[in-house]
Amino acid sequence: MIKKIVLNLIFLSPLVYMLYGLQSAVDPIKYIYIHTGSTAIVMLILTLCITPLRKVKNLVKYRRFVGLYTFFYAFLHFINFFVLDAELSVAFVIKQTLDKPFVYLGMISFVVLLFMSITSTRKLFKKYRTWHNGVYLVLGIITIHASMAQKVLSAVEYFYIFMAVILIGHRAFKSKWISRFFANFLQKRVKTA
Ligand code: HEM
Numbered sequence: 304m305i306k307k308i309v310l311n312l313i314f315l316s317p318l319v320y321m322l323y324g325l326q327s328a329v330d331p332i333k334y335i336y337i338h339t340g341s342t343a344i345v346m347l348i349l350t351l352c353i354t355p356l357r358k359v360k361n362l363v364k365y366r367r368f369v370g371l372y373t374f375f376y377a378f379l380h381f382i383n384f385f386v387l388d389a390e391l392s393v394a395f396v397i398k399q400t401l402d403k404p405f406v407y408l409g410m411i412s413f414v415v416l417l418f419m420s421i422t423s424t425r426k427l428f429k430k431y432r433t434w435h436n437g438v439y440l441v442l443g444i445i446t447i448h449a450s451m452a453q454k455v456l457s458a459v460e461y462f463y464i465f466m467a468v469i470l471i472g473h474r475a476f477k478s479k480w481i482s483r484f485f486a487n488f489l490q491k492r493v494k495t496a
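Counting from 304, one number per residue, gives the positions in the sequence shown under our numbering.
Written out as structure tokens, the structure reads:
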């Protein structure tokens with residue numbers, strides 16, 4: 304119980320930190336975008352690190368918890384867009400989504416994260432297990448989204464790109480489909496040599 308409270312406090316600390324700095328923010332909407340977006344992508348990376356690192360430290364039982372916090376911060380990011388930026392105008396949301404490629408990449412990721420959060424219960428997860436691989440797609444898309452939001456890429460975006468390449472690459476090599484493809488490819492090369 305105490306462990307759960309401490310964990311929740313840790314995962315809520317970026318929100319507290321953001322609220323604390325909000326009063327002195329020059330552009331509050333941009334400030335909220337940056338904080339909620341960065342926290343969501345870092346939590347997404349943390350969620351996806353749990354599986355490859357499970358032999359070093361098994362934290363698989365916390366994967367859903369961290370995943371749900373990823374969605375929580377992505378939801379705050381979306382609320383910033385819809386309530387503060389769009390001022391609840393559905394027409395504005397549709398226009399921005401259709402006009403700006405980086406906004407529709409964000410939207411696609413948000414919808415996939417929403418679907419995964421809803422289907423993360425034990426019962427629904429069994430049914431939609433394979434669909435949850437879509438989280439790697441979200442990581443790829445959101446890395447592009449975060450990079451497109453910048454005029455010049457900084458070390459932070461290079462870090463996201465690096466982690467996305469490592470995590471997606473690792474998943475691809477673990478996938479049966481990819482390993483079968485490479486096995487067949489190598490077999491053909493050996494035969495023709
Ligand atoms: C709901 C759909 C989404 C919309 C409409 C949206 C919108 C935006 C906008 C307008 C910015 C630019 C902020 C600025 O610098 O002026 C931004 C940046 C960003 N977004 Fe999103 N986004 C969405 C989904 C997501 C999701 C799901 C994630 C993460 C899981 C995310 C992560 C980021 C990151 C990391 C940045 C860059 C922040 C920075 O400048 O450091 N976004 N987003």
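Each residue gets a CB set at the ideal place from its N, CA and C atoms; glycine is no exception.
Apart from the 5 residues on each side of it in sequence, L325 sits with its Cβ closer than 7 Å to the Cβ of P331 and Y334 in its chain, given in chain order. Secondary structure of E390 (DSSP, three-state): coil.
Shortest gap from the CB of L489 to any heavy atom of the ligand HEM: 6 Å or more. Not one heavy atom of the ligand HEM lies closer than 6 Å to the C-beta of A394.
In this structure G409 is buried. Its beta-carbon is surrounded by 16 or more other beta-carbon atoms within 10 angstroms.
Note that the C-beta distance between I445 and S423 is not below 7 Å. Closest in C-alpha terms to G340, from the list A486, I464, F381 and S392, comes F381. For a cut-off of 8 Å, the C-beta gap from Y461 to I344 is around 13 Å, too long to register as a contact. Spatial neighbours of I447 in its own chain (CB-CB distance under 8 Å, excluding positions within 5 residues in sequence) are listed in chain order as F405 and L408. Residue side-chain check: A467 keeps its Cβ at 6 Å or more from all non-hydrogen atoms of the ligand HEM. Apart from sequence neighbours up to five positions away, the residues of its chain that approach P355 with a beta-carbon distance below 8 Å are L470 and H473, ordered along the chain.
Taking every protein chain shown into account, the CB of I348 has 16 or more other CB atoms within 10 angstroms, so this residue is buried. Listed in chain order, the non-local C-beta contacts of L442 below 7 Å within the same chain comprise L347, L351, A467, L470 and I471, local neighbours out to five positions each way being set aside. The closest heavy atom of the ligand HEM lies less than 6 Å from the beta carbon of H380.
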